[in-house]
Amino acid sequence: MIDLDDTESDDIGALLGADGPFARELPNFAPRLAQQAMARAVQQAIAGRDTLIAEAGTGTGKTFAYLVPALLSGERVIISTGTKTLQDQLYFRDLPKVRSVLGARLKTALLKGRANYLCLYRLDQTVREGASYERTQAAQLATIRAWSARTRRGDRMELAEVPEESPLWPRVTSTPENCLGVECPFFDDCHVVKARREALEADVVVVNHHLLFADLALKQEGFGEILPGAAAFILDEAHQIPELAGQFFSQSISARQLTELAQDALAECNGITGAIGLLLEPVEALQEALRKLRLAMDALPSRGAFQQLEDRADVRESLHDLRELLATLAELLASQAERSRGFANLHERAELFTERLDRIVESHGDQDVRWYETFPRGFALYATPLDLAVPMRGLRERTQAAWIHTSATLSVAGNFDHFARQLGLDDPRTLSLGSPFDYARQGLCYLPQGLPDPNARDYTEQVIESVLPVLHASNGRAFLLFTSHRALRRAAELLQDKVPWPLFVQGTAPRPRLLEEFRASGHGVLLGAASFWEGVDVAGEALSVVVIDKLPFAAPDDPVLMARLAALEQSGINPFMGWQIPSAVIALKQGAGRLIRDVHDRGVLVLCDPRLTTKGYGKLFLASLPPMPRSRELAGVQAFFDVANGTAMVAN
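Residue numbering for the sequence shown follows UniProt numbering, starting at 1 and increasing by one per position.
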């Protein structure tokens with residue numbers, strides 16, 4: 001175990017310094033002053049139960065900067081990451097390294113949401129039902145059964161052979177609604193229970209934001225806590241928190257949840273005398289009401305304010321019928337609740353959904369934004385808090401813990417006000433640490449001239465014309481990032497016959513496979529929308545150009561955003577400057593951050609949107625980006641790649 005008394009004046013930063021144990025024991029470890037400064041700030045925040053916002057540029061080494069003080073704090077710490085992939089990387093790769101170097105003898109645990117764990121009861125039911133699956137699904141079910149006999153954790157991520165999007169996973173995993181809890185015949189072997197038990201006993205628990213906020217939001221409603229009380233919460237990729245917190249403080253109900261309730265009710269009738277005769281008709285009526293309501297919503301935009309539903313007589317009537325039928329089904333399930341564990345659970349689910357649907361439909365307070373969303377075969381209804389600052393502030397106060405928020409993208413030109421205001425962070429400590437990369441040498445920002453207004457009909461065509469010479473200069477090796485799927489599809493059509501390099505288009509294959517094939521190709525051109533703007537790491541020569549078609553302003557069809565902007569305006573804040581621009585700046589920083597991922601990378605960032613130079617606010621976007629030299633000339637791009645290829649002219 002490292003004794004802090006052995007370091008210079010008890011300085012935790014020295015552990016990460018040139019003479020510290022990390023430099024001695026880890027190959028390729030590079031001491032960084034920014035990393036040491038962040039480690040000190042995290043240590044102080046944990047000790048003082050403070051709120052800290054730490055922006056750490058790419059390459060700072062922020063993971064070690066929070067892990068070292070977390071493991072040495074002697075406190076229970078919960079670390080939350082943006083995705084399950086990052087969660088696994090942190091738990092299986094980074095945490096063991098830091099533990100080993102520090103010789104830290106403490107318990108750690110990995111905890112995910114229940115949908116990530118195999119449910120032995122649901123697997124048993126699926127096998128017993130003996131449904132006639134087509135060949136692929138039958139093979140996947142056999143694979144899952146074989147894996148179930150040997151897995152210790154039951155974590156879906158272990159089983160790469162069954163794709164994440166397989167329709168079998170929802171059949172063999174549980175939801176909070178359909179879990180039988182202590183009455184389950186497989187309770188003693190339950191993977192979810194085991195994972196939670198480990199988390200309750202651990203000093204450091206690694207979770208993801210979805211689970212963290214699902215649990216904290218539930219705890220607020222008195223359902224008990226999954227996560228142990230902690231002295232510190234460290235939120236990595238914290239720029240995602242405002243949107244996620246909005247989801248988890250929302251009330252929602254979906255057609256999918258109600259369809260699953262109906263299907264599970266029919267499945268539970270097997271072997272229970274008279275049950276099918278009682279439930280078949282009301283279940284079919286409920287399913288028909290769901291179809292009728294979805295059909296009535298066809299005439300509406302795919303998402304919008306709840307008022308739009310209430311303004312249409314056919315939708316209003318269908319919604320009324322759905323509520324009546326759901327209440328009837330809940331009553332019938334109550335009459336069967338004592339006949340089986342499954343029926344008791346179904347009755348509870350039906351009651352919960354009835355209450356939730358009533359609350360959303362009847363809510364008329366000004367604290368919530370009510371809205372809807374439709375999907376190809378379903379819909380969802382929501383009530384989302386207008387202001388997240390209030391529930392977030394209350395949540396932090398109840399924990400009495402340190403809250404540490406870190407990401408490469410939290411500020412707007414060095415200012416943290418927007419992020420802090422969204423989460424109700426009053427007077428937080430802030431820290432801004434630049435990247436150790438030499439952007440002046442490693443990068444170039446190219447702003448093409450002559451592009452039309454982004455609303456122009458032929459804007460995407462003009463963007464591709466401007467970008468083609470850059471792709472030829474770089475010999476492919478590019479990400480083209482778009483703010484809309486429509487622009488992405490149009491760009492893919494335009495490039496299809498114009499480039500000699502392999503094209504990888506979002507939507508044609510799962511994201512991990514596209515990235516793997518892009519890296520392997522060496523000279524590929526990848527076209528992506530929202531999900532490729534962040535969390536994508538391609539270091540090395542395979543990626544030398546990142547193109548961004550437009551400034552990523554949020555879509556104007558978002559009913560929650562529209563309500564929040566209106567509320568800001570009423571309170572005297574300019575919603576464009578006070579919300580839309582800061583949000584777009586943070587999103588742009590994420591996209592731009594795909595380019596330079598390590599000290600050896602070199603690349604060109606192409607920002608096509610002419611508003612960067614024609615509008616006053618353009619300066620704010622440019623001031624928030626890494627300090628790269630800029631060029632308006634294609635010759636500057638050519639010269640940059642000539643230097644990279646060693647073909648630049650030597651001056652006399």
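For every residue, glycine included, the Cβ atom is placed at its ideal position computed from N, Cα and C.
With a 10 Å radius around its C-beta and 16 neighbouring C-beta atoms as the bar for buried, classify residue i as buried or exposed.
i: Ser215; result: One detail in the question is off: residue 215 reads as Asp in this sequence, not Ser. With 16 or more Cβ atoms within 10 Å of its Cβ, Asp215 is classed as buried.
i: Ala30; result: exposed
i: Ala171; result: Here residue 171 is Arg; the residue named in the question, Ala, does not match the sequence. It is buried - the Cβ of Arg171 has at least 16 other Cβ atoms within 10 Å.
i: Thr483; result: buried
i: Ser73; result: buried
i: Asp609; result: buried
i: Pro582; result: buried
i: Glu633; result: exposed
i: Pro454; result: buried
i: Asp203; result: buried
i: Leu282; result: With the sequence shown as reference, residue 282 is identified as Pro, and Leu is not the correct amino acid for it. When all chains shown are included, Pro282 counts as buried.
i: Glu55; result: buried
i: Ser166; result: buried
i: Ser250; result: buried
i: His191; result: buried
i: Arg396; result: buried
i: Met38; result: buried
i: Gln496; result: exposed
i: Met297; result: buried
i: Thr136; result: exposed
i: Arg594; result: buried
I think residue i touches residue j, with their Cβ atoms under 8 Å apart; what is that distance to the nearest whole Å?
i: Ala401; j: Ala230; result: 6 Å
i: Pro552; j: Leu565; result: That pair is no contact at about 16 Å.
i: Asp537; j: Ala487; result: Their Cβ separation, rounded to whole angstroms, is 24 Å, which puts Asp537 and Ala487 out of contact at 8 Å.
i: Arg99; j: Gly61; result: Between Gly61 and Arg99 the Cβ distance is about 17 Å, and since that is not below 8 Å, they are no contact.
i: Gln590; j: Thr409; result: 5 Å
i: Ala529; j: His472; result: Their Cβ separation, rounded to whole angstroms, is 24 Å, which puts Ala529 and His472 out of contact at 8 Å.
Grouping DSSP H, G and I as helix and E and B as strand, with all else coil, what is residue i?
i: Val499; result: coil
i: Gln638; result: helix
i: Leu607; result: strand
i: Ser624; result: helix
i: Leu111; result: coil
i: Leu447; result: coil
i: Arg76; result: coil
i: Val162; result: coil
i: residue 670; result: Outside the shown range of the chain (1 to 652) lies residue 670, about which nothing can therefore be said.
i: Tyr372; result: strand
i: Ser474; result: helix
i: Thr647; result: Per-residue confidence for Thr647 stands at a pLDDT of 49, beneath the threshold of 50, marking its modelled position as unreliable; the derived number appears in the next sentence. The answer is coil: DSSP assigns Thr647 none of H, G, I, E or B.
i: Ser318; result: helix
i: Arg602; result: coil
i: Ile548; result: strand
i: Asn345; result: helix
i: Gly59; result: coil
i: Leu4; result: Note that Leu4 has pLDDT 38, beneath the 50 cutoff, so the model's placement of it is unreliable and the number below is only indicative. Note: Leu4 maps to helix in three-state DSSP.
i: Gly528; result: strand
i: Thr173; result: coil
i: Ile53; result: strand
i: Phe213; result: helix
i: Thr81; result: strand
i: Val538; result: coil
i: Asp19; result: coil
i: Gly48; result: helix
i: Asp155; result: strand
i: Trp232; result: Per the sequence shown, the amino acid found at residue 232 is Ala instead of Trp. Strand.
i: Phe504; result: strand
i: Ser335; result: helix
Under 9 Å between C-beta atoms, does residue i make it to chain D?
i: Thr259; result: Annotation note: the requested chain D is absent from the structure, which comprises a single protein chain.
Does the region 566-580 come within contact of the region 499-511, defined as at least 3 CB pairs closer than 8 Å?
no
Could you pull out every unbroken beta strand (DSSP E) segment of at least 3 residues lying fully inside the region 234-293, listed in chain order?
251-254
Count the CB pairs spanning the region 460-469 and the region 438-451 that are closer than 8 Å, and state whether there are at least three.
yes
Contact between the region 267-287 and the region 428-444 (3+ Cβ pairs under 8 Å):
no
Touch test, the region 295-313 against the region 337-348, Cβ-Cβ under 8 Å, three pairs minimum
no
Are the region 59-76 and the region 37-49 touching by the rule of at least three beta carbon pairs closer than 8 Å?
yes
Can you find at least 3 beta carbon pairs, one from the region 124-140 and one from the region 85-102, that sit closer than 8 Å?
no
Quick check: the region 606-620 against the region 48-67, are at least 3 beta-carbon pairs closer than 8 Å?
no
I'd like the ranges of any beta strand (DSSP E) spanning at least 3 consecutive residues and lying wholly in the region 387-434.
402-407, 429-433
Using a Cβ distance threshold of 8 Å, determine whether the region 391-399 contacts the region 364-379, with at least three qualifying pairs required.
no
So, does the region 356-367 touch the region 239-248, judging by three or more C-beta pairs under 8 Å?
no
Would you call the region 250-265 in contact with the region 411-423, where contact means no fewer than 3 C-beta pairs closer than 8 Å?
no
Okay, do the region 315-322 and the region 293-301 touch, 3+ Cβ pairs below 8 Å being the bar?
yes
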